[in-house]
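In what follows, a single structure is set out as structure tokens and then discussed.
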Amino acid sequence: MIVFDQVQKSYQVDGRAIPALHPTDMTIENGEVFGIVGHSGAGKSTLVRLINLLEPPTGGRILVDNEDITRYSAAELRAFRRKAGMIFQHFNLLSSKTVTGNIAFPMILAGIYSKTEIRDRVKELLALVGLSDHATKYPSQLSGGQKQRVGIARALACRPTILLCDEATSALDPQTTQSVLKLLGDINRELGLTIVLITHEMDVVRRICDRVAVMDAGRVVEIGPVSDVFLHPKHPTTRDFVFESENVDSQAMQKDLQSADGRILRLTFKGEATYKPLLGRVARESGVDFSILAGRIDHIKDTPYGQLTLSLVGGDLATAMNALEAADVHVEVLR
Amino acid sequence: MEAMLGDLLSNVDWLEIGWASWDTLVMVGLSLLFSILIGLPIGVVLFLTGKRQLLDQPAAYAMLSFVVNVLRSVPFIILLIVMIPFTVMMIGTSLGVAGAIPPLVAGGAPFFARLVETSLREVDRGIIEATQAMGASVKQIIFGALLPEAMPGIIAGITVTAITLVSYAAMSGVIGGGGLGDLAIRFGYQRFQTDVMVITVALLVIFVQVLQMAGDRLVLYFSRK
Chain U
6 MIVFDQVQKS YQVDGRAIPA LHPTDMTIEN GEVFGIVGHS GAGKSTLVRL INLLEPPTGG
66 RILVDNEDIT RYSAAELRAF RRKAGMIFQH FNLLSSKTVT GNIAFPMILA GIYSKTEIRD
126 RVKELLALVG LSDHATKYPS QLSGGQKQRV GIARALACRP TILLCDEATS ALDPQTTQSV
186 LKLLGDINRE LGLTIVLITH EMDVVRRICD RVAVMDAGRV VEIGPVSDVF LHPKHPTTRD
246 FVFESENVDS QAMQKDLQSA DGRILRLTFK GEATYKPLLG RVARESGVDF SILAGRIDHI
306 KDTPYGQLTL SLVGGDLATA MNALEAADVH VEVLR
Chain L
2 MEAMLGDLLS NVDWLEIGWA SWDTLVMVGL SLLFSILIGL PIGVVLFLTG KRQLLDQPAA
62 YAMLSFVVNV LRSVPFIILL IVMIPFTVMM IGTSLGVAGA IPPLVAGGAP FFARLVETSL
122 REVDRGIIEA TQAMGASVKQ IIFGALLPEA MPGIIAGITV TAITLVSYAA MSGVIGGGGL
182 GDLAIRFGYQ RFQTDVMVIT VALLVIFVQV LQMAGDRLVL YFSRK
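Given below as structure tokens:
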């Protein structure tokens, strides 16, 4: 468990303290995939680097499994960092070492593994990330996706309990992003690793995260399970992110809504309810007519969800709304 | 044909040329070795103590940087003369091959140190960060990541330093340093033996060419980018 207790960070620029992270309380549970989204400059890079003290905080405590890591000695900190792997947007592989050399590197640095242990572990990791055929290649001979797989294998070498991902998919094309995210998801499930992932793409959060924190101007403005944050965003920044990821032009949508008749509702289905033939039945029973103004059906991690914006005309509106809510549909009245 | 060549090069004593070439090789070789041994650690310290680098020690950086700058701003011909008392103190003579080496190192080491500093700065900061995140100590970062990653740049720096030392070594002929430069000055210049001058210069050109080619090959070999 990673606990932030009034953690803050500021940088000294020309003798003045510029805050990068305002005092923040936050808990990341063991074994979860925790996403941090924010625009560039929102402080998410700083936040993730606080967890392995690449950036030391200027105030507060950071507890990892009940130990205050900010009080660690240099040697203790080095030992801790071995248990917290990290992957990067630009991979940061050593160009002078082969794939094998890169994956073995953290184990060699640790100085506690025998040659056979290292050899066996590298082999195992190469198989895990699907790069067994590329063991003797140099990073420059690999594609972006392959480089990130080497990065992941390297981060896992010393069997960490935490994996920090700094915009790990931002330099990759959509297809490669999917496969890397799938790999991260598998790792999280199979090894029970805690993954902390920062990104500016809400889509990445939706694919693999359990919980998410939204950052804006050095503050965590919203935090919660991904489905809650995604389907019912409260903070304007969160709403921007959600709309952005759904390619919704919020101004155009407002206009559409204005020209529609009747009552406008937004229905949110989750899980089983997504696939039930509900609308037709409700319309028949309550006599309302509906037209669909906007809609989307997709997945949040492994849970299917749907979101529909409807305008309802005539019939018995109260009955319709009760029927919808009875079927586990979240109903929001927009107008 | 042979007679003509003989006439043209009437003053050239090939044995002398051979010895002078050997002397130049020894002077460049030894001074390069010592320049690397002294310049490399200085370059690493310059890099580490630099602004926003791993150790970030402005005072130490400023001091070391000043010493390096002073040595580099003194024209080598002056450095040769200034160094004479130190050279005598260190190895008992300021003449010959041995006497030329201390001033050559005094000129070569700071030069090489700057080249090392520059090539270390070219290493992607992300790689240093990644190595830190693996729990590496500063020593491990230097030997495990920084130096291997900067290797092509450092080898290019060694090549440039070696070539600079060839020309410095030739200059040391002025204070009786020996080698091809000494030959060129004593015979080519002071006795107006143009043929000797031409041969020594040609040999120096070949020497530099070979060094550059070898250096480029090595850089290519170590480059994995």
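Keeping their order, the protein sequence lines are chains U and L. The numbers in the working numbering rise by one with no breaks, and the one at position 130 of the first sequence is 135. The numbers in the working numbering rise by one with no breaks, and the one at position 168 of the second sequence is 169. Where is the CB? At the ideal position from N, CA and C, for every residue including glycine.
In chain order, P149, E150, M152, R225 make up the part of chain L whose C-beta sits under 7 Å from the C-beta of U:S101. Note that the C-beta distance between U:R164 and L:G136 is not below 8 Å. Spatial neighbours of U:E37 in its own chain (CB-CB distance under 7 Å, excluding positions within 5 residues in sequence) are listed in chain order as T199, D215, R216. Chain-order list of chain L residues neighbouring U:M91: E130, A131, A134, M135, by C-beta distance under 9 Å. Under the 10 Å beta carbon count, L:A110 is surrounded by 16 or more other beta carbons and is classified as buried.
In terms of beta-carbon proximity, L:S120 stays away from the interface with chain U, with every pair separated by 8 Å or more.
Under the 8 Å Cβ criterion, the segment 55-71 of chain L does not count as touching the segment 89-102 of chain L, having fewer than three qualifying pairs. The Cβ of L:A157 sits no closer than 8 Å to any Cβ of chain U. The C-beta of U:E227 has 16 or more other C-beta atoms within 10 Å across all chains shown, which makes the residue buried. Straight-line spacing of the CA atoms in U:S184 and U:I157 works out to 13 Å.
Burial check for U:R76: the Cβ neighbour count within 10 Å stays below 16, so the residue is exposed. Sequence-distant partners of L:M28 (beyond 5 residues in either direction) whose C-beta falls short of 6 Å from its own C-beta, in its chain, are V98, A101, A170, G180. The CB of L:D125 comes closer than 9 Å to the CB of H95, N97, S100 in chain U, given here in chain order. Residues of chain U with a Cβ closer than 9 Å to the Cβ of L:G145 are, in chain order, L99, F110, I113, L114.
In the DSSP annotation of this structure, the continuous segment of the alpha helix (DSSP H) that includes L:G100 starts and ends at 97-122.
Here U:T166 has K88 as same chain residues with Cβ atoms under 6 Å from its own Cβ, once five neighbours each way along the sequence are excluded. For U:E172, the closest C-alpha among the options U:P282, U:F274, U:M91 is that of U:M91. DSSP places U:E206 outside both helix and strand once states are collapsed to three, so it counts as coil.
Contact between L:A107 and L:M91 is ruled out by a C-beta separation of about 11 Å, above the 8 Å threshold. In the three-state reduction of the DSSP assignment, U:T121 falls in the helix class, which pools H, G and I. According to the DSSP assignment, L:S36 belongs to the alpha helix (DSSP H) that extends over 15-50. In this structure, U:Q153 is the residue among U:F235, U:Q153, U:P62 with its C-alpha nearest to the C-alpha of U:V134.
Residue contact with chain U for L:S138: present (Cβ-Cβ distance below 8 Å to some residue of chain U).
Assignment of U:L177 by DSSP, reduced to helix, strand and coil, places it in the coil class.
Rounded to whole angstroms, the separation of the alpha carbons of U:A332 and L:Q133 is 53 Å.
At the C-beta level, U:Q312 and U:L262 stay beyond 8 Å of one another. If you look at U:L52, you'll find it in the alpha helix (DSSP H) that goes 49-56.
Taking each of U:S100, U:I123, U:A140 in turn and checking the Cα distance to U:M112, the smallest one comes out for U:I123.
Listed along the chain, the chain L residues whose CB falls inside 9 Å of the CB of U:L59 are E130, Q133, A134.
Residue environment for U:E290: exposed (fewer than 16 other C-beta atoms within 10 angstroms of its C-beta).
Counting along the chain, L:Y222 sits inside the alpha helix (DSSP H) bounded by residues 195-223. Neighbourhood of L:Q141 in chain U, by CB distance below 8 Å: L114, in chain order. DSSP, reduced to helix, strand and coil, places L:T94 outside both helices and strands of the structure shown, so it counts as coil. Setting aside the 5 residues that flank it on each side, L:I176 is surrounded in the same chain by L81, each with a C-beta closer than 6 Å to its C-beta; the list follows chain order. Residues L212, Q213, G216 of the same chain have their beta carbon placed closer than 7 Å to that of L:T160, with the five preceding and five following residues left out of the count.
For U:A176, none of the residues of chain L pass the 7 Å Cβ criterion, the least Cβ distance being about 12 Å.
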